[in-house]
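All remarks here apply to the structure that follows.
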Amino acid sequence: MLGLAILVILSAYSSDWQSYTNTNYIHDIYGDDSAFTLATNGGLVLLDPIGLRVERTIVNTDGLPVNRCLVVVQDSAGNRWVGTGGGGLAVVPNDSDEAFVYRPNDLPERITALAVDSSRILVELSAGYMLLKPTKHRLISAMTLFSSFRLQKCTSCSVTEF
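Read in order, the letters of the sequence shown correspond to residues 1 to 162 in our numbering.
As structure tokens, then:
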């Protein structure tokens with residue numbers, strides 16, 4: 001009991017908390033001239049491409065829905081899109097190290113692959129694909145495609161303001 005009290009008192013004086021997560025298992029890597037971004041079991045890891053030093057680790061305390069990141073891509077605006085294993089889709093804006101869950105009620109929790117073109121994001125789900133067109137003020141979910149390889153069913157979705 002005394003040991004617990006001492007630990008609480010000592011931790012009150014320590015202002016810098018550190019989180020140690022398992023970033024040894026890498027699921028995906030995205031790289032450009034400015035940084036490598038790694039999707040790991042312990043969050044997103046940003047590496048300096050020259051010295052391969054860890055610049056930043058983004059975890060659930062920074063806004064990721066879960067630490068298990070499966071895929072990562074970057075769009076033309078520099079935003080990092082993260083597919084997680086249990087938390088859905090998250091985005092890290094290009095001017096921030098904070099993540100935001102993207103449309104948590106509209107997408108499943110497990111995102112297995114992502115692909116980006118100039119204005120759209122193709123999201124692979126456990127049961128098919130979803131094509132997203134995020135803009136500043138609205139999300140146009142153009143279609144949901146079911147089946148892994150053949151387009152057997154295609155349903156139109158509505159435009160949702162947010």
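Glycine included, every Cβ here is placed at the ideal spot set by N, Cα and C. Note that this is a predicted model, so its numbers are computed, not measured.
- Contact between the stretch 52–60 and the stretch 102–119 is absent, with fewer than three C-beta pairs closer than 8 Å.
- A Cβ-Cβ separation of about 10 Å leaves V82 out of contact with V66 under the 8 Å criterion.
- Distances from the alpha-carbon of I121 to those of A39, L132, G128 put L132 closest.
- Every unbroken stretch of the beta strand (DSSP E) spanning 3 or more residues and falling wholly within the stretch 45–96 is given here in chain order: 54–58, 69–74, 80–84, 89–92.
- Around the beta carbon of R80, a 10 Å sphere encloses 16 or more other beta carbons of the protein chains shown; the residue is thus reported as buried.
- L47 places its beta carbon 9 Å or farther from that of T40.
- Approximately 7 Å separates the beta-carbon atoms of D28 and L70; this is inside 8 Å, confirming the contact.
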